[in-house]
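Residue numbers (the working numbering), protein chains in the order written: chain A, 46 to 425; chain B, 46 to 425.
Backbone N, C-alpha and C define an ideal beta-carbon position, used for all residues, glycine too.
All values derive from a computational prediction rather than experimental measurement.
Read the structure below first, then the notes.
Number of protein chains: 2
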Amino acid sequence: MAVARNIRRTNPITIVLACLLGIGFLIFIFSSQDASIPSLHVPGTRHILKSKDAASNPLSPPSLPFVKPNLKAGEVAPPPPVVHYHMNNVTTSNDPVANRESVLILTPLVRFYQEYWDNLLKLTYPHDLISLGFIIPRGREGNAVTAKLQEQIAKTQKDSNRDRFASITILRQENEPPLASQSEHDRHAMSAQKERRAALSRARNSLLFTTLGPTTSWVLWLDSDIVESPPSLIQDLAAHDKAIVVPNCYQRYYNKEKGQSEVRAYDFNSWVDSPTAQQLAAKMGPDDIVLEGYGEMATYRPLMAYMAEIPNGDPKKTVQLDGVGGTALLVKAEVHRDGAMFPPFAFYHLIETEGFAKMARRLGYTPFGLPNYFVYHYNE
Amino acid sequence: MAVARNIRRTNPITIVLACLLGIGFLIFIFSSQDASIPSLHVPGTRHILKSKDAASNPLSPPSLPFVKPNLKAGEVAPPPPVVHYHMNNVTTSNDPVANRESVLILTPLVRFYQEYWDNLLKLTYPHDLISLGFIIPRGREGNAVTAKLQEQIAKTQKDSNRDRFASITILRQENEPPLASQSEHDRHAMSAQKERRAALSRARNSLLFTTLGPTTSWVLWLDSDIVESPPSLIQDLAAHDKAIVVPNCYQRYYNKEKGQSEVRAYDFNSWVDSPTAQQLAAKMGPDDIVLEGYGEMATYRPLMAYMAEIPNGDPKKTVQLDGVGGTALLVKAEVHRDGAMFPPFAFYHLIETEGFAKMARRLGYTPFGLPNYFVYHYNE
Numbered sequence: 046m047a048v049a050r051n052i053r054r055t056n057p058i059t060i061v062l063a064c065l066l067g068i069g070f071l072i073f074i075f076s077s078q079d080a081s082i083p084s085l086h087v088p089g090t091r092h093i094l095k096s097k098d099a100a101s102n103p104l105s106p107p108s109l110p111f112v113k114p115n116l117k118a119g120e121v122a123p124p125p126p127v128v129h130y131h132m133n134n135v136t137t138s139n140d141p142v143a144n145r146e147s148v149l150i151l152t153p154l155v156r157f158y159q160e161y162w163d164n165l166l167k168l169t170y171p172h173d174l175i176s177l178g179f180i181i182p183r184g185r186e187g188n189a190v191t192a193k194l195q196e197q198i199a200k201t202q203k204d205s206n207r208d209r210f211a212s213i214t215i216l217r218q219e220n221e222p223p224l225a226s227q228s229e230h231d232r233h234a235m236s237a238q239k240e241r242r243a244a245l246s247r248a249r250n251s252l253l254f255t256t257l258g259p260t261t262s263w264v265l266w267l268d269s270d271i272v273e274s275p276p277s278l279i280q281d282l283a284a285h286d287k288a289i290v291v292p293n294c295y296q297r298y299y300n301k302e303k304g305q306s307e308v309r310a311y312d313f314n315s316w317v318d319s320p321t322a323q324q325l326a327a328k329m330g331p332d333d334i335v336l337e338g339y340g341e342m343a344t345y346r347p348l349m350a351y352m353a354e355i356p357n358g359d360p361k362k363t364v365q366l367d368g369v370g371g372t373a374l375l376v377k378a379e380v381h382r383d384g385a386m387f388p389p390f391a392f393y394h395l396i397e398t399e400g401f402a403k404m405a406r407r408l409g410y411t412p413f414g415l416p417n418y419f420v421y422h423y424n425e
Numbered sequence: 046m047a048v049a050r051n052i053r054r055t056n057p058i059t060i061v062l063a064c065l066l067g068i069g070f071l072i073f074i075f076s077s078q079d080a081s082i083p084s085l086h087v088p089g090t091r092h093i094l095k096s097k098d099a100a101s102n103p104l105s106p107p108s109l110p111f112v113k114p115n116l117k118a119g120e121v122a123p124p125p126p127v128v129h130y131h132m133n134n135v136t137t138s139n140d141p142v143a144n145r146e147s148v149l150i151l152t153p154l155v156r157f158y159q160e161y162w163d164n165l166l167k168l169t170y171p172h173d174l175i176s177l178g179f180i181i182p183r184g185r186e187g188n189a190v191t192a193k194l195q196e197q198i199a200k201t202q203k204d205s206n207r208d209r210f211a212s213i214t215i216l217r218q219e220n221e222p223p224l225a226s227q228s229e230h231d232r233h234a235m236s237a238q239k240e241r242r243a244a245l246s247r248a249r250n251s252l253l254f255t256t257l258g259p260t261t262s263w264v265l266w267l268d269s270d271i272v273e274s275p276p277s278l279i280q281d282l283a284a285h286d287k288a289i290v291v292p293n294c295y296q297r298y299y300n301k302e303k304g305q306s307e308v309r310a311y312d313f314n315s316w317v318d319s320p321t322a323q324q325l326a327a328k329m330g331p332d333d334i335v336l337e338g339y340g341e342m343a344t345y346r347p348l349m350a351y352m353a354e355i356p357n358g359d360p361k362k363t364v365q366l367d368g369v370g371g372t373a374l375l376v377k378a379e380v381h382r383d384g385a386m387f388p389p390f391a392f393y394h395l396i397e398t399e400g401f402a403k404m405a406r407r408l409g410y411t412p413f414g415l416p417n418y419f420v421y422h423y424n425e
């Protein structure tokens with residue numbers, strides 16, 4: 046039925062178009078004999094991309110930097126029937142700029158903050174090595190966020206902007222409970238956490254599975270409500286050469302008593318495991334999860350949030366972690382490629398980024414945290 | 046609904062095409078008198094891909110079909126700063142041909158069998174909707190396999206072949222214990238199974254995370270040693286409209302006693318869970334796995350391999366499964382996008398494709414098997 050309907054509806058147009066094209070070609074062939082349009086034989090070697098080459102053909106994945114093919118007039122870009130990637134040449138080193146390593150910045154975009162976008166623009170990591178990927182919820186709020194994002198992108202990605210990013214991919218979420226409609230208070234209610242973080246996990250996974258390409262070296266997870274982060278964020282995190290590294294996520298607020306602006310811990314998902322948490326988990330049902338930062342579930346886990354030595358701690362200090370938060374999180378792409386994702390279900394009684402850390406552990410990787418290196422969360 | 050969707054989908058493209066053609070013609074007509082090279086302004090609408098469009102710009106992912114941009118002489122392809130994918134328009138239905146659904150066929154390529162390749166070529170699913178992805182081990186054997194594959198691809202993907210595949214991606218594995226150097230006997234030794242299947246899981250995950258694109262509707266896992274499969278394989282499996290569907294993997298052999306060719310069960314990883322297997326798992330250490338098909342570990346699981354009704358079983362019969370094999374396995378892309386991968390570690394005491402089935406279950410999906418629909422494994 047559907048087939049028949051399709052054919053019936055499109056056929057006349059297709060035929061007309063085909064005829065027009067056909068006539069056009071005939072005219073072109075007969076009229077261009079006197080015009081000397083150069084045609085160039087393209088050697089076969091151009092068909093195969095080296096892993097770090099810029100995208101120059103239509104099969105390149107969205108994570109590749111884009112360089113306009115430098116074709117002569119009349120030259121047709123060679124068809125790329127095969128793209129051969131040597132995964133071994135995709136390095137992840139402590140000097141990613143020198144090694145021209147591609148970074149994929151992934152953001153589940155719930156709200157659009159200008160500061161977040163401005164910080165992306167200020168990143169000193171070469172923008173031609175940065176691809177951005179966003180996943181935005183469906184519905185009215187998502188539409189508004191998409192519009193704001195596209196407005197900014199239109200400015201940033203102009204042909205004339207030499208500092209534009211390699212590529213930007215926007216995904217609109219499939220049918221899901223919306224992430225956007227919750228206030229900070231609602232979002233943190235313990236009862237809502239599991240459902241909310243399961244939905245967020247699925248969003249992260251969709252974004253990750255869809256945008257990770259063969260040439261991606263690093264994935265930087267950066268939440269849309271991180272409104273303050275250092276321009277050297279990528280280099281600073283990558284310099285530790287760890288499979289997974291997470292900065293400390295704080296929040297600025299106005300201390301009414303003292304009458305001054307101060308900082309406080311915000312993200313409690315970066316932690317070292319504790320016997321108490323293990324015992325809590327052991328008594329739980331298979332679908333229950335241990336949550337951090339709630340008085341009614343004291344885990345006595347050492348939290349990175351409280352390991353900060355303010356104001357004079359060494360920003361390069363690292364601590365080994367068992368759980369990580371995802372507000373800002375640098376991951377070597379090989380960790381994801383091996384299979385580490387964000388479990389939307391209870392995985393060792395952990396979910397989302399904390400479950401991801403556990404999964405990475407099961408894959409043989411160790412997460413590290415930087416207690417004295419800060420990014421700041423928006424204060425609602 | 047279907048009508049509305051049809052209209053929404055075909056209208057803008059048709060209009061854009063018509064406009065482009067119209068404008069092109071006007072310019073062509075006015076400029077071709079003096080045989081100067083026409084230059085065409087490309088409207089902004091071409092920058093945004095509809096989810097099912099063919100790849101026409103350099104940022105398209107490797108899973109998109111490739112159509113050479115129909116540029117006039119001297120015209121430069123427009124830069125594509127943003128690619129916007131509406132995930133909701135990527136359907137997975139029981140009539141994927143009519144709905145133009147993209148299929149990604151993924152194969153960990155250990156050995157190259159001509160029959161495997163020939164069966165790909167014989168697939169009746171439209172080849173312009175099929176992308177192929179291979180991951181090949183490093184080293185000498187892998188090099189030989191790659192050479193054979195590329196030889197075939199060179200023939201298949203010729204410009205002149207209208208039946209070529211949308212795209213082909215070949216990944217060479219990172220440093221890993223080689224999968225290739227094991228004979229059938231070694232490979233099946235129980236002691237070697239866990240390590241072997243963990244390595245295979247990582248290979249599958251690398252391939253999956255790297256090649257899955259925003260427009261992929263289905264992923265067909267097809268092992269390189271499946272030497273006999275029906276040309277209508279994709280349609281037949283997709284017709285069941287299940288999140289995960291697995292045919293029965295058998296093997297042809299020569300029965301010396303009877304002096305004739307017969308078939309026997311080959312893949313024992315598609316099963317229904319049993320209390321015995323559950324009890325086995327409950328007594329295991331956290332890293333131990335339950336394996337199927339070994340006398341020394343009797344699970345008493347009902348195996349799909351033994352549910353076949355030969356020769357007259359209904360090929361459309363389905364059974365609900367708890368574990369699945371991966372020699373041939375059709376998965377809706379949304380299952381993977383939600384996070385289902387092949388655990389290289391013990392996941393509920395399961396690994397690789399069996400662990401994948403469990404993970405899909407945890408994500409809310411149910412695997413099904415077709416006990417009377419067969420594919421055949423090479424007989425070493």
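Should D383/B be flagged as near chain A, meaning a C-beta pair shorter than 9 Å? yes
Would M386/A pass as an interface residue toward chain B - the criterion being a Cβ-Cβ separation below 9 Å? yes
Residues of chain B with CB under 7 Å from L257/A, in chain order? F254, T255
Is DSSP giving P141/A helix, strand or coil here? coil
Might you give, ordered along the chain, the residues of its own chain that have their beta carbon closer than 6 Å to the beta carbon of N139/B, omitting 5 neighbours on each side? A284, D286
S269/A versus chain B: which residues are under 7 Å apart at the beta carbon? Near S269/A there are no residues of chain B at all, since even the closest Cβ is about 17 Å away, more than 7 Å.
Within this structure, are the beta carbons of H352/B and N293/B separated by less than 9 Å? The sequence as given places Met at residue 352/B; His does not occur at that position. The answer is yes: Cβ separation under 9 Å.
Alpha-carbon spacing of I271/B relative to V335/B, whole angstroms: 25 Å
For F390/B, go through chain A and note every residue whose CB falls closer than 7 Å to its CB, in chain order. R407, L408
Using a Cβ-Cβ distance cut-off of 9 Å, determine whether I396/B contacts chain A. no
Hey, out of T411/A, R156/A, V264/A, V291/A, whose CA is closest to A378/A's CA? V264/A
If you run the structure through DSSP and keep just helix, strand and coil, what is S277/B? coil
Using three-state DSSP, classify H394/B as helix, strand or coil. coil
Can you give me the Cβ contacts of E341/B inside the same chain, cut-off strictly under 6 Å, excluding the 5 residues immediately before and after it? none
Among R346/B, V317/B, Y295/B, nearest to E354/B - alpha-carbon criterion: Y295/B
Measuring CB to CB, does F157/B end up less than 9 Å from T214/B? no
Cutting at 6 Å between CB atoms, please list the residues of its own chain near P141/B, excluding the five before and the five after it. A283
Determine the burial state of K403/A: buried for a count of at least 16 other Cβ atoms within 10 Å of its Cβ, exposed for fewer. buried
At the level of alpha carbons, what is the spacing between L267/B and P275/A? 46 Å
Interface partners of S246/A on chain E, CB under 9 Å: In summary, chain E is missing from the structure at hand, where the protein chains are A and B.
Beta-carbon spacing of Y418/A, D281/A below 9 Å: yes
Length of the line joining the Cα atoms of L224/B and L168/A: Residue placement at L224/B is poorly supported in this model, since its pLDDT is 47, which falls under 50; the coordinates still yield a value, given next. If I take the Cα positions, the gap works out to 41 Å.
Applying the 10 Å Cβ sphere with the 16-neighbour rule, what's the burial state of T411/A? exposed
Helix, strand or coil at V317/A [DSSP, three-state]: coil
Are the C-beta atoms of I430/B and some chain A residue less than 9 Å apart? Since the displayed chain B opens at 46 and closes at 425, residue 430/B lies outside it and no answer follows.
Using the three-state DSSP reduction, which class does I181/B fall into: helix, strand or coil? strand
With a threshold of 16 other CB atoms inside 10 Å of the CB of P107/B, please say whether the residue is buried or exposed. With a pLDDT of 48 at P107/B, under the threshold of 50, the predicted position of this residue should be treated as unreliable, and no value is reported.
Give the straight-line distance between the Cα atoms of I72/A and R207/B, rounded to the nearest whole angstrom. Because I72/A carries a pLDDT of 34, less than 50, the predicted location of this residue cannot be relied on, and no value is offered for it.
Can you list the alpha helix (DSSP H) stretches of 4 or more residues lying completely in the segment 341-413 of chain A, in chain order? 378-382, 397-407
Can the beta-carbon of T256/A be found closer than 9 Å to that of L149/A? yes
Candidates V420/B, D318/B, E425/B, V369/B: closest to S277/B by CA position: V420/B
With a threshold of 6 Å on Cβ separation, who are the neighbours of K193/B within its own chain once the five nearest residues in sequence on each side are excluded? F157
Starting from L149/A, trace the beta strand (DSSP E) both ways and give me its first and last residue. 147-153
How would you write the range of the beta strand (DSSP E) that N206/A sits in, first residue to last? From DSSP, N206/A is part of no beta strand (DSSP E); its letter is neither H nor E.
Of the residues G414/B, H422/B, L395/B, P416/B, which one's Cα is nearest the Cα of S246/B? L395/B
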